[in-house]
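**Student:**
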Amino acid sequence: TSHPEQVGAVAGSAPADRLPADAVAAARRAFEQDVTKPRPWRVAQLRALRTLLVEHEHEIAQALHADLGKSATEAWVTETGFVVREIDHTLRHLRAWTAPRRVRVPLSLKPGRAKIVREPLGVVLVIAPWNYPVQLCLAPLVGALAAGNAVVLKPSEVAPATSALLARLLPMYLDTSAVHVVEGGVPETTELLAQRFDHIFYTGNGAVGRIVLEAATKHLTPVTLELGGKSPAYVSDDADLPVAAQRLVWGKFTNAGQTCVAPDYVIASRQTLEALKPLLVDAIRAAFGPDPSTSPDYGRIIGARHFDRLAALVDPARVVTGGRSDAATRYLEPTVVDVVDADDPRELVMREEIFGPVLPLVPVDGLDAAIDFVNRRDKPLALYVFTTSDAVRRRFERDTSSGALAFNVPLAHLAVPGLPFGGVGASGTGAYHGERSIELFSHAKSVLSLPTRPDTTVFVRPPFSSAKQQVI
Ligand code: NAD
22 TSHPEQVGAV AGSAPADRLP ADAVAAARRA FEQDVTKPRP WRVAQLRALR
72 TLLVEHEHEI AQALHADLGK SATEAWVTET GFVVREIDHT LRHLRAWTAP
122 RRVRVPLSLK PGRAKIVREP LGVVLVIAPW NYPVQLCLAP LVGALAAGNA
172 VVLKPSEVAP ATSALLARLL PMYLDTSAVH VVEGGVPETT ELLAQRFDHI
222 FYTGNGAVGR IVLEAATKHL TPVTLELGGK SPAYVSDDAD LPVAAQRLVW
272 GKFTNAGQTC VAPDYVIASR QTLEALKPLL VDAIRAAFGP DPSTSPDYGR
322 IIGARHFDRL AALVDPARVV TGGRSDAATR YLEPTVVDVV DADDPRELVM
372 REEIFGPVLP LVPVDGLDAA IDFVNRRDKP LALYVFTTSD AVRRRFERDT
422 SSGALAFNVP LAHLAVPGLP FGGVGASGTG AYHGERSIEL FSHAKSVLSL
472 PTRPDTTVFV RPPFSSAKQQ VI
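Each residue of the sequence shown is one higher than the one before, counting from 22 in the UniProt record's numbering.
#1: Any heavy atom of the ligand NAD within a distance shorter than 7 Å of the CB on ALA149?
#2: Within its chain, find whatever has a CB closer than 7 Å to the CB of TYR352; leave out the 5 residues flanking it on each side and keep chain order.
#3: Between ASN276 and the ligand NAD, is there a pair consisting of the residue's CB and a ligand heavy atom that are separated by less than 7 Å?
#4: Return the bridge partner residues of GLU140 from the DSSP annotation.
#5: Who pairs with GLY449 in a beta bridge, going by DSSP?
#6: Among HIS77, VAL144, ALA84, which residue has its Cα nearest to the Cα of ASP55?
#7: Measuring alpha carbon to alpha carbon, tell me which residue in VAL370, VAL155, ILE108, VAL229 is nearest ALA182.
#8: Taking LEU269 as the reference, give the member of GLY451, LEU300, ARG397 with the closest Cα.
#9: Does the beta-carbon distance from LEU162 to ALA69 come in below 8 Å?
#10: Which residue wins for smallest C-alpha separation from PHE462, given the options ALA165, ARG330, PRO243, LEU159?
#11: Evaluate MET193 with the Cβ neighbour count: other Cβ atoms within 10 Å of its Cβ, from every protein chain shown; 16 or more gives buried, anything less gives exposed.
#12: Which residues in the same chain as PRO355 place their Cβ atom closer than 6 Å to its Cβ, once the five residues preceding and following it in sequence are excluded?
#13: I want to check one thing, is the minimum distance from the CB of LYS175 to the heavy atoms of the ligand NAD below 7 Å?
#14: Taking 7 Å as the cut-off, is the CB of ILE459 close to at least one heavy atom of the ligand NAD?
#15: With a 10 Å radius around its C-beta and 16 neighbouring C-beta atoms as the bar for buried, classify LEU241 as buried or exposed.
#16: Just to confirm before moving on: does the CB-CB distance between TYR153 and PRO284 stay below 8 Å?
#17: Going by Cα to Cα distance, which pick from LEU471, ALA488, SER487, PRO483 is closest to PRO127?
#18: Once you ignore the five residues that flank PHE428 on each side, which residues in its own chain have a CB closer than 7 Å to its CB?
#19: At what residues does the alpha helix (DSSP H) containing PHE328 begin and finish?
#20: From ARG116 to ILE148, what does the alpha carbon distance come to, in whole angstroms?
#21: The ligand NAD heavy atoms versus the CB of GLU95: any closer than 7 Å?
#22: Which residues mark the beginning and the end of the beta strand (DSSP E) in which TYR286 is found?
#23: If you follow the alpha helix (DSSP H) that ILE392 is part of, which residue opens it and which one closes it?
#24: Could you please give me the residues that DSSP links to SER346 through a beta bridge?
#25: Who pairs with PHE222 in a beta bridge, going by DSSP?
#26: Can you give, in chain order, each stretch of the beta strand (DSSP E) that sits fully within the stretch 146-230 and has at least 3 residues?
#27: Can you list, in chain order, the residues of its chain with a C-beta nearer than 6 Å to that of PHE103? Leave out the 5 residues immediately preceding and following it.
#28: Expressed to the nearest angstrom, what Euclidean distance is found between the alpha-carbon atoms of THR197 and GLU456?
#29: What separation, rounded to the nearest whole angstrom, lies between the Cα atoms of GLY446 and ASP364?
#30: Return yes when at least one heavy atom of the ligand NAD lies under 7 Å from the C-beta of ASN226, else no.
#31: What do you reckon, is the C-beta of TYR194 under 7 Å from a heavy atom of the ligand NAD?
#32: Measuring CB to CB, does VAL203 end up less than 8 Å from LEU213?
#33: Between which two residues does the beta strand (DSSP E) holding LEU426 run?
#34: Give me the Cα-Cα distance between LEU451 and GLY444, rounded to the nearest whole angstrom.
#35: Cβ atoms of ALA425 and ILE137: under 8 Å apart, would you say?
#36: Could you tell me whether the Cβ atoms of VAL395 and PRO253 are closer together than 8 Å?
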């Protein structure tokens, strides 16, 4: 919020080349002139982006602190360093991931040769949200560049300090013919979405996801939607409860709960919930001290609108721990609340994704009821299960569907570069990270090549003698 004057390449006030349509046209020119296809160019861009992140780690941390009160350590682990690791992993495997793959041809087409060639799509639009404004802008960029595309980036105007910093730094390091940053909010994004892209990669809420999808249909542009929703955490009666409490507190209160894969709520049997409560209180105190408002490791809510929304969710009569807040500093204490009846529409915390530091505890009657609870709702982006039982593990693997399923740990599946990251159903379509990003941002072109002699097509061409029919 400290640089509102820098936000927005607003039509009329921006230099002509920063207007959304001009940025897209320039990116398209670069792609058509083959700027982005050679592997050395891709490698150079990834290396330059890595240098940017390392050289400006401190400035990036400051912007993230201004926007979200993130600590420098959290900023490195979950944002800047995260993208560095993604770059390193990609550079290590880029040659193998982009190499043509030979495919066997059937006998009737021998001695023909077949292969799959990965070709870049063209111009990719990345629309990023505010909660991890570096990671969710740049991790898709890594994949799009590695696959050989030109890219238009639209950082979130809701994290203005980070948006302004990215708009300033990226052109200093990356090829400005092929990589363009367009700042702004709804008007600029609407103007962008009217352009033709070869792929649109959107991260954010489902309501805007629908707008993106609708705009894309006009040009038949493929779309990746990285959405959110309520990610449940089931704590089984056999779980290691102190560990579960610690990890739930970490997963929930990182970035003050503003994490798409944060455990949204806990479901467990009544007795397990009761046993968990004092452990959650201890774990919050161990992480953030007796007064989290003074902890350098505890973040703030992004803006007044989200603060008001979250403050209104907390019913003081239901607070297990926490509940204090300060609108002026957008501070909301790590808060745990009881839910009596999750299906009662008056249970506000159970209606929509919370996306803040409020953890509801929802009683269910055992394993079957927990699985049923999950399956009666939208397919979540992440599903967490705390258990020491292989039987419980198997049940969740077999009987539930979610973008990701993680046992005994929240958030950490994002740190496994070989695991695709994405949702299913209401939590999104498409996935990325590592090799999945290359697959996402390229087209697997089928290439078949037949020699002219011997002419084997004679067998499949008329006239069809009975001898031929036996061959085919
Ligand atoms: P946001 O408000 O920053 O919006 C996301 C982007 O959409 C921004 O760039 C914004 O400018 C643009 N936008 C907003 N309104 C628009 C409109 N009318 N037309 C076109 N573009 C528009 O972020 P948000 O949506 O509040 O993000 C939070 C949501 O994102 C949560 O639901 C969260 O779960 C989800 N999320 C998902 C992931 C994931 O990887 N799956 C990651 C982070 C957040």
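Built from N, CA and C at the ideal position, the CB exists for glycine as well.
**Tutor:** Taking the structure as given:
#1: As a working note, residue 149 is residue 128 in the sequence shown. Under cutoff, so the answer is yes.
#2: Locating residue 352 in the sequence shown gives position 331, counting from the first residue. Cβ within range, chain order: SER314, ARG321, SER346.
#3: Position 255 of the sequence shown, counted from the first residue, corresponds to residue 276. ASN276: no, Cβ never under 7 Å from the ligand NAD.
#4: As a working note, residue 140 is residue 119 in the sequence shown. Paired residue(s): HIS464.
#5: To locate residue 449, count along the sequence shown from 1; it is residue 428. GLY449 pairs with GLU247.
#6: Counting from 1 along the sequence shown, the entry for residue 55 is found at position 34. Of the candidates HIS77, VAL144, ALA84, the one whose C-alpha sits nearest the C-alpha of ASP55 is VAL144.
#7: As a position in the sequence shown, residue 182 is number 161, starting the count at 1. Ranking the options by Cα distance to ALA182, first place goes to VAL155.
#8: Your numbering for residue 269 matches position 248 in the sequence shown. Nearest to LEU269 by alpha-carbon distance, out of GLY451, LEU300, ARG397, is LEU300.
#9: On the sequence shown, residue 162 is found 141 positions in, with the first residue counted as 1. On the sequence shown, residue 69 is found 48 positions in, with the first residue counted as 1. No; because the gap between Cβ atoms is not below 8 Å, this pair is not in contact.
#10: Position 441 of the sequence shown, counted from the first residue, corresponds to residue 462. That would be ALA165, whose Cα lies nearest to the Cα of PHE462.
#11: Walking along the sequence shown from the start, residue 193 turns up at place 172. So MET193 counts as exposed.
#12: Here residue 355 corresponds to residue number 334 of the sequence shown, with the count starting at 1. So the list reads PHE274, ILE305, PRO313, GLY343, PRO378, once near-sequence residues are dropped.
#13: Looking up residue 175 in the sequence shown gives position 154. Checking the Cβ of LYS175 against the ligand NAD gives yes.
#14: On the sequence shown, position 438 is the one that residue 459 refers to. Checking every heavy atom of the ligand NAD against the Cβ of ILE459, none is found closer than 7 Å.
#15: In the sequence shown, residue 241 corresponds to position 220, counting from 1. Counting Cβ neighbours within 10 Å, LEU241 comes out exposed, since fewer than 16 surround it.
#16: In the sequence shown, the residue the question calls residue 153 occupies position 132. In the sequence shown, the residue the question calls residue 284 occupies position 263. Against a cut-off of 8 Å, the Cβ pair of PRO284 and TYR153 comes out as no contact.
#17: Position 106 of the sequence shown holds residue 127. Looking at the Cα atoms, LEU471 is the closest of the given residues.
#18: Residue mapping note: residue 428 aligns to position 407 of the sequence shown, counting from 1. Correct list, in chain order: VAL406, THR408, ARG414.
#19: Within the sequence shown, the letter at position 307 stands for residue 328. Counting along the chain, the alpha helix (DSSP H) containing PHE328 begins and ends at 325-334.
#20: Translated into positions along the sequence shown, residue 116 becomes position 95. Translated into positions along the sequence shown, residue 148 becomes position 127. Answer to the nearest angstrom: the Cα atoms are 27 Å apart.
#21: Within the sequence shown, residue 95 is the residue found at index 74, counting from 1. No, since every heavy atom of the ligand NAD falls outside the 7 Å radius drawn around the Cβ of GLU95.
#22: Taking the sequence shown and counting its residues from 1, the one referred to as residue 286 is at position 265. Per DSSP, TYR286 belongs to the beta strand (DSSP E) from 286-289.
#23: Locating residue 392 in the sequence shown gives position 371, where the first residue counts as 1. 387-396 is the span of the alpha helix (DSSP H), which, as asked, contains ILE392.
#24: Here the question's residue 346 lines up with position 325 in the sequence shown. LEU353.
#25: Stepping through the sequence shown from its first residue, residue 222 is reached at position 201. DSSP output for PHE222 lists VAL147, THR245 as bridge partner(s).
#26: List check, beta strand (DSSP E) in window: 171-175, 200-202, 220-224.
#27: Numbered from 1 along the sequence shown, position 82 holds the residue referred to as residue 103. So the qualifying residues of the chain are GLN156.
#28: Your numbering for residue 197 matches position 176 in the sequence shown. Your numbering for residue 456 matches position 435 in the sequence shown. Going from the Cα of THR197 to the Cα of GLU456 covers about 25 Å.
#29: Taking the first residue of the sequence shown as 1, we reach residue 446 at position 425. Taking the first residue of the sequence shown as 1, we reach residue 364 at position 343. Their backbone Cα atoms lie some 21 Å apart in a straight line.
#30: Here residue 226 is taken as the residue at index 205 of the sequence shown, counted from 1. Yes, since a heavy atom of the ligand NAD falls inside the 7 Å radius drawn around the Cβ of ASN226.
#31: Counted from its first residue, the sequence shown places residue 194 at position 173. TYR194 Cβ: outside cutoff for every heavy atom of the ligand NAD.
#32: Position 182 of the sequence shown holds residue 203. Position 192 of the sequence shown holds residue 213. Yes.
#33: Residue 426 sits at position 405 when you count from the first residue of the sequence shown. Element bounds for LEU426: 425-428.
#34: Sequence index remark: in the sequence shown, residue 451 carries index 430 (1-based). Sequence index remark: in the sequence shown, residue 444 carries index 423 (1-based). Per the sequence shown, residue 451 should be read as Gly rather than Leu. Going by the C-alpha atoms only, they are around 7 Å apart.
#35: Walking along the sequence shown from the start, residue 137 turns up at place 116. Walking along the sequence shown from the start, residue 425 turns up at place 404. Taking 8 Å as the Cβ cut-off, ILE137 and ALA425 do not qualify as a contacting pair.
#36: Locating residue 395 in the sequence shown gives position 374, where the first residue counts as 1. Locating residue 253 in the sequence shown gives position 232, where the first residue counts as 1. Contact: yes.
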